[in-house]
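Using mature numbering (1 follows the signal peptide of the UniProt record, and there is no 0), the letters of the sequence shown correspond one by one to residues -21 to -1, 1 to 432. Note that beta-carbon positions come from the ideal geometry of N, C-alpha and C, so glycine has one too. Everything on this sheet refers to the single structure shown next.
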Amino acid sequence: MKKSLVLTFTLVILWMENTGAEESDGFHFKARTKRQIQKTLTITTILEKPFAMLTESGELEGYCVDLLSELSQALEFNYTIYVVKDGRYGTKDQNGVWNGMVGEVIRKEADLAVAPLTITAVRENVISFTKPFLQTGISILLKKEASSEGSYLFGFLNPFSKELWIGIIISYVITSLCLFLVGRISPCEWAEPSNEQNQYTLLNSLWFGLGAFTLQGVEPQPKSVSARIIAIIWWLFSVTLLAAYIASFASYVNNSENQTPNIQTFEDLLKQNKIEFGTLANSSTFNFFKNSKNPTFRKIYEYMDKRKDRVLVKTFSDGVQRVRESNYAYLGEASSQDFVAAKHCDLVRAQEIIGGRGYGIAAELDSPLIRPLTIAILEQFETGNLEYLRQKWWENTCTATEEHASWVPVQPHTLGGIFLILGIGLALGLIVSCLELVCKSKNKADHQQVNLS
Ligand code: ASP
């Protein structure tokens, strides 16, 4: 009893010491932070959707503005925010002078850059970054294209896949042959008395099969049970196919106005010459292609470098406008592209994403602000706040179009059941026609025997 009391007491003391240590650590951290961030910070940012956008009243709003407000509350600092003077992210010009937000931070015109500023090695040489608050990569922004004239002319064939069309033609020929055979085998299809006349010639059988497709009751009408079985199964088959065709055609017509382009990768982009492509001048994306050793990306760089004045845009918004108004693909960061594709339903981002990268908050080299900001960003991650902000600013308003985009022609396996029923019906028709023949022959034989006797 005594022993356990002593043990409990020791444990309580140890726990109190530990908690105390943690609390004092937290206190030191906050005290340190407050000491470091006592003045009002000047923040530079860039107008890029949805990171920072101007409201009608001239104020700034967006993902970065919300993030900054969360960080200022967590670290208890005041700030003033403004838009970067030259509207650039930051690269070194020919004279070795940094422009954009990077330049402003280096020249101490701004204490921090809170923007979708990509963490790169060259920038990390001249400024300091926090850990990334958002991960992204480079992709292609394209316009959903209307289907080309050629495919539209024969668009009526698109609702069914090629395999299904072949299956239908084969079924049609086999059914017509079965009908022809049944017409031969079943005695009921022969004109009475046997005068070598049969309504199911090969041509008539083919004609009958076609008539069912147009829902017309064509002659000759079957008389025998076996031919009727085949006719009924064929009608059922035709009606099911027609229903599937009409449904698929309707959704094809809706979809063909907004088709996803064929370009899904950077290779695809190089293989064609209908669509021009470019990126943001003075951006990390441009430098990524410039410094890449991958042959595809090198070719992309050479293409853009040769047509610099034509294909490089000044701002992301210019790029988006060009994609919407002309044959142009914008190479840029997937996060911004996802945002515009979620808002403008005529735009789409290609599947391929290359060059994984992250956005960080920048401060002057070895700034004491970096560590507390990094910790605060990690806390925002851990509390799910950053995920909430992402959902808030990247809300998709194009869900209806996505449904259309998933349209595919009807495949044979979708209608597999009806092909099976047709097969069973044809076999049944043939068996019944044989039975009819046997019965008729037996009756005739019996009749003749009676007559003889
Ligand atoms: N976020 C990029 C930058 O920091 C812009 C881009 O590459 O599209 O330069």
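What number of angstroms, rounded off, separates the C-alpha of V319 from the C-alpha of Q52? Looking up residue 319 in the sequence shown gives position 340. Looking up residue 52 in the sequence shown gives position 73. Computed Cα separation, rounded: 30 angstroms.
H383 versus L91 - alpha carbon distance: By 1-based counting over the sequence shown, the position of residue 383 is 404. By 1-based counting over the sequence shown, the position of residue 91 is 112. With a pLDDT of 48 at H383, under the threshold of 50, the modelled position of this residue cannot be trusted; read the value that follows with caution. So the two alpha carbons sit approximately 44 angstroms from each other.
Figure out for me which residue from T23, V232, K202, S263 has the closest Cα to the Cα of L291. Reading the sequence shown from its first residue, position 312 is the one you call residue 291. The shortest C-alpha separation from L291 is found at S263.
Is it the case that the Cβ atoms of S107 and D345 are separated by a distance below 7 angstroms? Looking up residue 107 in the sequence shown gives position 128. Looking up residue 345 in the sequence shown gives position 366. Going by C-beta atoms, S107 is nearer than 7 angstroms to D345.
Per DSSP, I333 is paired with what? Here residue 333 is taken as the residue at index 354 of the sequence shown, counted from 1. DSSP output for I333 lists I117 as bridge partner(s).
Exposed or buried, which one is R336 when buried takes at least 16 other CB atoms within 10 Å? Here residue 336 refers to the residue found at position 357 of the sequence shown. It counts as buried.
Starting from the C-beta of D4, find all residues in its chain whose C-beta is less than 6 angstroms away, skip the five residues before and the five after it, and write them out in chain order. Taking the sequence shown and counting its residues from 1, one reaches residue 4 at position 25. Per-residue confidence for D4 stands at a pLDDT of 47, beneath the threshold of 50, marking its modelled position as unreliable; no derived number is given.
According to DSSP, is A260 part of a helix, a strand, or is it coil? Position 281 of the sequence shown, counting from 1, holds the residue named residue 260. A260 falls in the coil class under three-state DSSP.
What did DSSP end up calling I25 once you bin it into helix, strand or coil? As a first step, residue 25 is located in the sequence shown; it is residue number 46 there, counting from the start. In the structure shown, I25 sits in coil (DSSP, three-state: anything other than H, G, I, E or B).
Residue ranges of each beta strand (DSSP E) run of no fewer than 3 residues wholly in the region 272 to 355, ordered along the chain? Those beta strand (DSSP E) runs which fall completely within the region 272 to 355 and span 3+ residues are 307 to 312, 326 to 328, 333 to 338, 341 to 343.
Flag L26 as yes when its Cβ comes closer than 6 angstroms to any non-hydrogen atom of ligand 1, and as no otherwise. For this step, residue 26 is matched to residue 47 along the sequence shown. No; taking the cut-off as 6 angstroms, the Cβ of L26 has no heavy atom of ligand 1 nearer than that.
Just how far apart, CA to CA, sit I333 and I117? Stepping through the sequence shown from its first residue, residue 333 is reached at position 354. Stepping through the sequence shown from its first residue, residue 117 is reached at position 138. Their Cα atoms are separated by approximately 5 angstroms.
So, using beta-carbon positions, are Y280 and K293 closer together than 7 angstroms? Taking the first residue of the sequence shown as 1, we reach residue 280 at position 301. Taking the first residue of the sequence shown as 1, we reach residue 293 at position 314. In this structure, K293 does not lie closer than 7 angstroms to Y280 by Cβ.
Is the beta carbon of L291 within less than 6 angstroms of some heavy atom of ligand 2? In the structure shown, ligand 2 is absent; the only ligands present are ligand 1.
Kindly indicate which residue of V204, G82, N183, G79 has the alpha-carbon position closest to the one of G408. Residue numbering aside, residue 408 sits at position 429 when the sequence shown is read from its first letter. Considering only alpha carbons, the answer is V204.
Taking the C-alpha atoms as reference points, what is the distance between E88 and I22? Locating residue 88 in the sequence shown gives position 109, counting from the first residue. Locating residue 22 in the sequence shown gives position 43, counting from the first residue. Looking at the two C-alpha atoms, the distance is approximately 9 angstroms.
Is the closest heavy atom of ligand 1 to the C-beta of G66 under 6 angstroms? Numbered from 1 along the sequence shown, position 87 holds the residue referred to as residue 66. Outside the cutoff, so no.
Just verifying my parser: in three-state terms, what is the DSSP assignment at A(-1)? Counting from one through the sequence shown, the residue named residue -1 turns up at place 21. Model confidence at A(-1) stands at a pLDDT of 41, short of 50, so the residue's coordinates are unreliable; what they give is reported in the following sentence. Helix at A(-1).
For ligand 1, residues whose Cβ lies under 6 angstroms from any non-hydrogen atom: Y68, P95, L96, T97, L259, S262, S263, T264, G311, E312
Local conformation of T97 per DSSP, three classes: Locating residue 97 in the sequence shown gives position 118, where the first residue counts as 1. Of the three classes helix, strand and coil, the one that applies to T97 here is strand, per DSSP.
Three Cβ pairs or more, each shorter than 8 angstroms: is that satisfied between the region 301 to 314 and the region 66 to 83? no
Which residues mark the beginning and the end of the beta strand (DSSP E) in which I106 is found? Locating residue 106 in the sequence shown gives position 127, where the first residue counts as 1. Residues 106 to 108.
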